[in-house]
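Since the structure comes first, as structure tokens, the remarks are kept for the end.
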Amino acid sequence: MKRVGVIGSGDVGQTLAKGLKKHGYDVRIASRKAGKLAAFSTEHGIPAGEFLEVAAWADGIVLAVKGSAAEDALEAIGPDRLIGKMVIDTTNPIAGAPPEDGVLRFFTTLDQSLMEKLQAGYPHARFVKAFSCIGNALMVNPQLKGGRSTMFICGNHAEAKAAASEIITKFGHDVADMGTAKAKAARAIEPLCMLWCIPGFLRNEWSHAFALVK
């Protein structure tokens, strides 16, 4: 897979787009409004467009919008343009309410993840949960004193997970597949965002990552 479209114009989307270009992928980045990414596109040499345009061009996409905007973003693209495509889902179902004692609030329950909801709505897309349990500053080739971090992933399509794992490995992380056949493991992966954020909210400590030690 060479052509990757990043759907989302925020810090996560821009970070991953730059990382993909760094590692040799043909990448484009999308925002809902044309022209919003003009300065970023010029500075980094990454073509920009609207959601539908970039998704139609790409072999696979990275969904890098707020969790509350994920369904709207996919609706703007449309199901026909997602058929058979890898969708790396970086989103978390973070609610609008402020954290409570450093703990984020989600708009989902423990019995259903956001990715499962997205997968159910677009059954012919190949969703892979990834990049949801680490801050954007550490997503691409982080230099951590404790060694390599682990990126927990899940999804229901082996080929899509292999393509996502290739990107993750190039970005300097080990891969731990928590859902060998189903997307249900996203119920456990998404709340890792809560845990990762607690030291940041309580002590302004954001330079850490998870590792699976065997």
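Quick note: the sequence shown uses the working numbering, first residue 308, plus one each step. Glycine included, every Cβ here is placed at the ideal spot set by N, Cα and C.
Per-residue DSSP class, three states only, for residue i
i, result
"K491", "coil"
"H351", "helix"
"S456", "strand"
"E466", "helix"
"A377", "helix"
"I441", "coil"
"F358", "helix"
"A383", "helix"
"A432", "coil"
"G391", "coil"
"L524", "Lying outside 308 to 521, the shown extent of the chain, residue 524 is not represented and no answer is given."
"G486", "strand"
"L370", "strand"
Beta-carbon proximity check, residue i vs residue j, cutoff 8 Å
i, j, result
"Y332", "V361", "no"
"I475", "M501", "no"
"I505", "G409", "yes"
"A324", "S338", "no"
"A483", "L519", "yes"
"A345", "M393", "no"
"F358", "A383", "yes"
"G462", "A490", "yes"
"M446", "T349", "no"
Residue environment, residue i, which counts as buried when at least 16 other CB atoms sit within 10 Å
i, result
"H431", "exposed"
"W423", "Sequence check: residue 423 is Glu here, not Trp. Under this definition E423 is a buried residue."
"L509", "exposed"
"T397", "buried"
"R433", "buried"
"S456", "buried"
"T415", "buried"
"I390", "exposed"
"G453", "exposed"
Cβ-Cβ separation, residue j to residue i (assumed contact under 8 Å), whole Å
i, j, result
"A516", "P449", "7 Å"
"I314", "V369", "7 Å"
"R494", "S439", "Their Cβ separation, rounded to whole angstroms, is 12 Å, which puts R494 and S439 out of contact at 8 Å."
"E497", "P405", "Not confirmed; about 19 Å, so no contact."
Check: residue i C-beta below 7 Å from any heavy atom of the ligand GTP
i, result
"G453", "With respect to small molecules bound, the structure shown includes none, and the ligand GTP cannot be examined in it."
Exercise. Would you mind listing the beta strand (DSSP E) stretches within the region 313–351 that are 3+ residues and don't spill past its ends, in chain order?
Key: Runs of the beta strand (DSSP E) inside the region 313–351: 333–338.
Self-check item: In chain order, each alpha helix (DSSP H) run of at least 4 residues that lies wholly inside the region 396–429
Solution: 421–428
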